[in-house]
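Asks: Residue numbers (the working numbering), protein chains in the order written: chain A, 1 to 337; chain B, 1001 to 1563.
Note that beta-carbon positions come from the ideal geometry of N, C-alpha and C, so glycine has one too.
No experiment lies behind these values; they were computed from the predicted model shown.
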């Protein structure tokens, strides 16, 4: 098992090297001169040149690259020019926020979409099948910023059930002492139930927004995969031996249908983690996505490079864990590893 | 004796896109306690649907519209789902064709047996494991404790069928329905499985329904036989009577079409069919000094897969022996011009690997494949498709459905080799050639524009044969060309192959596991086992007076009708 993980991580190395090179080059190719940006609109050419020398941007590209890689090796992703803090610190503070949001959204989505997909498959053509289709279609066709704003309008502005949609926790509460970086879990660890409540109520709306969006692929895949499995011969054997419908559907059919579902969840997760900028913007969520976009607009290289690299590594790790999950689900996959 | 199962006036309908189809039409079947009943019929006869109706496991499109199915006093046709669930597996069980697919691929086989035991309260969770192992032991699986943890993909087909039987018999049911339990298994495995079923059902005094397309199998193992055709029962009598003096014309037709010792190819066709071209295979085989195909010392090795090593490692043995696996081990034989040579053996004996190497789809590890004097083994498999010699060797595949592109019409399928071979063939010339070929194989011209799913099994087989003949080959490799066909269709296709060979003067290499069919079609036969040739010689010599013990074992395993 450990050897398998090691081998998989080794094969990921070339793609990480590729990501490092490509992001470095891309940020240099992008239009916009960071020196001019940071020197300010009124700066003289001499001042700009001075900033450029300070940033090391006047040195040849290979030299810049090597100092960047040397920094990486020391765990130094550079310093953000806009905030003045190390990129590592910024990402470390913001990644848990994105991860908490995405994970919670996916769990909620999974809990709704999977039973819905299973029911739609067993009662093909019934009202629940149609409900599944309508929900899925509506979920993907509504853009997240629209669903997000709609939820804010209804639950904050009209009814006032939800707290004001700014940030991860109400201003009157202080965040729980950081252990995992997930406020909900940290609050539980600290037994600070006030903070837990506050964190949960802040999470509710953005999580719902994400869940509505990611419902569709999971529900559709669950349904399609279940339909395929339910018509296979071992299901007939299970029925012919008088097994209870729940055993047939859950233990026999669903476990066999799980692989495509897990694949989809992995893809949705890695996609949402870095790409739900819009949700983060609507709910003023201090996540990595909005951080990276701001840095990009400001031609602030270091955070952008750090962000892309972090995402690439996360993507590799998520895929690795999905592959390991395959082996847990299906014994036939284990041998091929 | 009272009837255990009594089916009266049963009708089953299916809702399809083309409207309602009646699959079973007013049939009566009864089964006594301890009796073994065979239900025999070709595909579409409704024999499987009848058994699914009795178990009430028809799929959602199927429905029992009228009639009764009384099982020891309970009418199953109207019983509630909860009641049925209690009966299934505990009172009545079923085993299926394709045993590997019939088991949950990702659950240990022992656990699957436990599921049934616990469901029917035959065992508590604490003792379920012991009971499951006992069930495996009962079906004569060696090392049941170890096998308990195995997954279906780690077991052979015959082994999987034993597990399915263990699963079906775990709760000691009264009735066992076996739906084609040995189709697709080797003949020796078939015998072992059938003997096992008979022993176990007799031991527990169970009744059995054996559903099969194989008359010989039904004759050998059943007390009574019911013959079905197109959803109706045409005849029902004791095994002796039905084979001694079949009453119904359809039964007689089926019996004629079944290959058997002593019958000639022509004998398989219905009595009133027009006589074929003068059939005398031996005389037309033009004897020539140089054989068309000469195989010399052919070897195919595969490196041992690490997959096997994984299991070995679990067991703690050392997988370090890196000796490659020999699928084909030093095989030499000839195929003369105009000759039909049968290549016989059980699955895994290397017969398919050998034919793939002759077709140059696989590269041999060692050895020569001399085709008309040229060593084909010198051309890499990847390049052979563009070799002019490739046209002279063609192949007919096992499954007529799977071997046709579902989006190609019959005409396009037949034209495929022509379009591959010629540079820019004229459209009307191709059409004319396809029509000529269709005429040759007896495919009505109006079917040429149909897609495979609009054709019957026999028609698809004809398309496959026409495609193989399109470039006037000298050698046709027939890989079990009739294994997926009903016996009456098989009879027609075999006769067609024979008359085509006589007319066109080709040679056949006929790969098969069915010795009866080989006897009908082949001049010479080669028996293979574990990659080696066990015996080869003239068909009559090998099959009537087998020299090797293995050939004798194969012949003995063929089900024989009671005398």
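With a Cβ-Cβ cutoff of 8 Å, do residue 1055(B) and residue 1088(B) count as a contact?
Replies: Reading the second chain from its first residue, position 55 is the one you call residue 1055(B). Reading the second chain from its first residue, position 88 is the one you call residue 1088(B). The answer is yes: Cβ separation under 8 Å.
Asks: Have a look at residue 1205(B) and residue 1173(B) and give me their C-alpha separation to the nearest angstrom.
Replies: On the second chain, residue 1205(B) is found 205 positions in, with the first residue counted as 1. On the second chain, residue 1173(B) is found 173 positions in, with the first residue counted as 1. So the two alpha carbons sit approximately 10 Å from each other.
Asks: What's the call for residue 1045(B), buried or exposed, on a 16-neighbour Cβ count within 10 Å?
Replies: Against the second chain, residue 1045(B) aligns to sequence position 45. With 16 or more other Cβ atoms within 10 Å, it is buried.
Asks: Is residue 237(A) close to chain B? Criterion is C-beta to C-beta, closer than 8 Å.
Replies: The sequence position of residue 237(A) within the first chain is 237, counting from 1. Chain B, which has a Cβ nearer than 8 Å to the Cβ of residue 237(A), makes this yes.
Asks: In this structure, does DSSP put residue 1078(B) in helix, strand or coil?
Replies: In the second chain, the residue the question calls residue 1078(B) occupies position 78. Correct three-state label for residue 1078(B): coil.
Asks: DSSP three-state call for residue 1183(B): helix, strand or coil?
Replies: Position 183 of the second chain, counted from the start, is the residue given in the question as residue 1183(B). Here residue 1183(B) sits in coil by DSSP.
Asks: Along chain A, which residues have their Cβ under 8 Å away from the Cβ of residue 1102(B)?
Replies: By 1-based counting over the second chain, the position of residue 1102(B) is 102. Within 8 Å Cβ-Cβ: 233, 234, 236 and 237.
Asks: Restricting to Cα atoms, I'd like to know which of 1168(B), 1197(B), 1175(B) and 1171(B) is closest to residue 1182(B).
Replies: Here residue 1182(B) refers to the residue found at position 182 when the second chain is read from its first residue. Looking at the Cα atoms, 1197(B) is the closest of the given residues.
Asks: Which residues in the same chain as residue 1307(B) place their Cβ atom closer than 6 Å to its Cβ, once the five residues preceding and following it in sequence are excluded?
Replies: Translated into positions along the second chain, residue 1307(B) becomes position 307. Bear in mind that a pLDDT of 45 at residue 1307(B), under 50, signals an unreliable position, so the model cannot answer this.
Asks: Which whole-angstrom value is the C-beta distance of residue 1479(B) and residue 1506(B), which I expect to be below 8 Å?
Replies: Locating residue 1479(B) in the second chain gives position 479, counting from the first residue. Locating residue 1506(B) in the second chain gives position 506, counting from the first residue. About 15 Å separates the two Cβ atoms, so there is no contact after all.
Asks: Please classify residue 1314(B) as buried or exposed, where buried requires at least 16 other C-beta atoms within 10 Å of its C-beta.
Replies: Residue 1314(B) sits at position 314 when you count from the first residue of the second chain. Low local confidence applies: a pLDDT of 49 at residue 1314(B) is under 50, so the model's placement there is unreliable, and no value is given.
Asks: For residue 242(A), which option in 1116(B), 1170(B) and 1076(B) has the closest C-alpha, if you only look at C-alpha atoms?
Replies: In the first chain, the residue the question calls residue 242(A) occupies position 242. Minimum Cα distance to residue 242(A) is reached at 1116(B).
Asks: Using the DSSP secondary-structure output, state which residues sit across from residue 1038(B) in a beta bridge.
Replies: As a working mapping, residue 1038(B) is identified with position 38 in the second chain. 1210(B) and 1225(B), per the DSSP bridge assignment.
Asks: By how many angstroms is the C-alpha of residue 1522(B) removed from the C-alpha of residue 1176(B)?
Replies: The residue you call residue 1176(B) lines up with position 176 of the second chain. The residue you call residue 1522(B) lines up with position 522 of the second chain. Answer to the nearest angstrom: the Cα atoms are 39 Å apart.
Asks: So, for residue 227(A): in the same chain, excluding its five sequence neighbours on each side, which residues have a beta-carbon less than 8 Å away from its beta-carbon?
Replies: In the first chain, the residue the question calls residue 227(A) occupies position 227. These residues qualify, in order along the chain: 121 and 124.
Asks: In the DSSP assignment, what are the bridge partners of residue 1096(B)?
Replies: Here residue 1096(B) corresponds to residue number 96 of the second chain, with the count starting at 1. None; residue 1096(B) has no bridge partner.
Asks: Under a three-way DSSP split, which group does residue 1308(B) fall into?
Replies: Translated into the one-based positions of the second chain, residue 1308(B) becomes position 308. Reliability of the predicted coordinates at residue 1308(B) is poor, the pLDDT of 44 falling under 50, and the value obtained from them is presented with this limitation in mind. DSSP places residue 1308(B) in helix when its eight states are reduced to three.
Asks: Considering only their Cβ atoms, is the gap separating residue 1357(B) from residue 1477(B) smaller than 8 Å?
Replies: Taking the first residue of the second chain as 1, we reach residue 1477(B) at position 477. Taking the first residue of the second chain as 1, we reach residue 1357(B) at position 357. The answer is no: Cβ separation not under 8 Å.
Asks: Taking 8 Å as the CB-CB limit, is residue 6(A) close to chain B?
Replies: Within the first chain, numbered from 1, the residue matching residue 6(A) stands at position 6. No, residue 6(A) lies away from the interface with chain B (no Cβ there is under 8 Å from its Cβ).
Asks: Assuming the contact rule is C-beta atoms closer than 8 Å, residue 132(A) and residue 116(A) should be a hit. Round their C-beta distance to whole Å, please.
Replies: What you label residue 132(A) is simply residue 132 of the first chain in a count that begins at 1. What you label residue 116(A) is simply residue 116 of the first chain in a count that begins at 1. Correct: roughly 5 Å between the Cβ atoms.
Asks: Name, going along the chain, the residues of the segment 1144-1156 of chain B whose beta-carbon falls closer than 9 Å to a beta-carbon of chain C.
Replies: The displayed structure is made up of protein chains A and B, and chain C is not among them.
Asks: How many Å lie between residue 968(B) and residue 1026(B) at the Cα?
Replies: Here chain B has residues from 1001 to 1563 only, and residue 968(B) is not among them.
Asks: Run down chain A in chain order and give the residues with a C-beta less than 9 Å from the C-beta of residue 1043(B).
Replies: Along the second chain, one-based indexing puts residue 1043(B) at 43. Those within 9 Å of residue 1043(B) in chain A number zero; the least Cβ separation is about 17 Å.
Asks: In its own chain, which residues sit with a C-beta less than 7 Å from the C-beta of residue 1098(B), not counting the 5 before and 5 after it?
Replies: Here the question's residue 1098(B) lines up with position 98 in the second chain. Closer than 7 Å at Cβ, skipping near neighbours: 1184.
Asks: Please report how far the alpha carbon of residue 1213(B) lies from the alpha carbon of residue 1232(B), in whole angstroms.
Replies: As a working mapping, residue 1213(B) is identified with position 213 in the second chain. As a working mapping, residue 1232(B) is identified with position 232 in the second chain. Approximately 15 Å, taken between the alpha carbons.
Asks: If you measure beta-carbon to beta-carbon, which residues of the segment 309-330 of chain A are closer than 9 Å to chain B?
Replies: Per Cβ criterion, the list reads 329 and 330.
Asks: Tell me whether residue 90(A) is buried or exposed, calling it buried when 16 or more other Cβ atoms sit within 10 Å of its Cβ.
Replies: Against the first chain, residue 90(A) aligns to sequence position 90. Burial call: buried.
Asks: Flag this pair as yes or no: are the beta carbons of residue 290(A) and residue 257(A) separated by less than 8 Å?
Replies: The residue you call residue 290(A) lines up with position 290 of the first chain. The residue you call residue 257(A) lines up with position 257 of the first chain. No, these two residues do not count as a Cβ contact at 8 Å.
Asks: Taking 8 Å as the threshold, find out whether the segment 179-191 of chain A comes into contact with the segment 70-80 of chain A through three or more Cβ pairs.
Replies: The segment 179-191 of chain A vs the segment 70-80 of chain A: no contact.
Asks: Within the continuous beta strand (DSSP E) that includes residue 1233(B), where are the two ends?
Replies: By 1-based counting over the second chain, the position of residue 1233(B) is 233. First-last of the beta strand (DSSP E) with residue 1233(B): 1232-1238.
Asks: So with CB distances below 9 Å, who are the chain A contacts of residue 1119(B)?
Replies: The count along the second chain starts at 1 and reaches residue 1119(B) at position 119. Per Cβ cutoff of 9 Å: 241, 242, 243, 244 and 247.
Asks: Can you pull the chain B residues whose beta carbon is under 8 Å from the beta carbon of residue 332(A), in chain order?
Replies: The residue labelled residue 332(A) in the question sits at position 332 within the first chain. Near residue 332(A) (Cβ distances below 8 Å), the residues of chain B are 1105, 1106, 1151 and 1153.
Asks: Assuming residue 1450(B) and residue 1421(B) form a contact by the criterion Cβ under 8 Å, report the distance between their Cβ atoms to the nearest whole angstrom.
Replies: For the purposes of this step, residue 1450(B) is identified with residue 450 of the second chain, where counting begins at 1. For the purposes of this step, residue 1421(B) is identified with residue 421 of the second chain, where counting begins at 1. In fact, because the Cβ distance is near 24 Å, the residues do not count as touching under 8 Å.
Asks: Quick one: what's residue 1032(B) bridged to in DSSP?
Replies: Sequence index remark: in the second chain, residue 1032(B) carries index 32 (1-based). Beta-bridge pairing links residue 1032(B) to 1003(B).
Asks: Looking at chain B, is there any beta carbon in it that lies within less than 8 Å of the beta carbon of residue 276(A)?
Replies: Numbered from its first residue, the first chain carries residue 276(A) at position 276. It does not; no Cβ of chain B falls within 8 Å.
Asks: Just confirm the distance between the C-beta atoms of residue 1331(B) and residue 1298(B), as a whole number of angstroms; I'd bet it's less than 8 Å.
Replies: In the second chain, the residue the question calls residue 1331(B) occupies position 331. In the second chain, the residue the question calls residue 1298(B) occupies position 298. Residue 1331(B) to residue 1298(B), Cβ: 5 Å. Contact.
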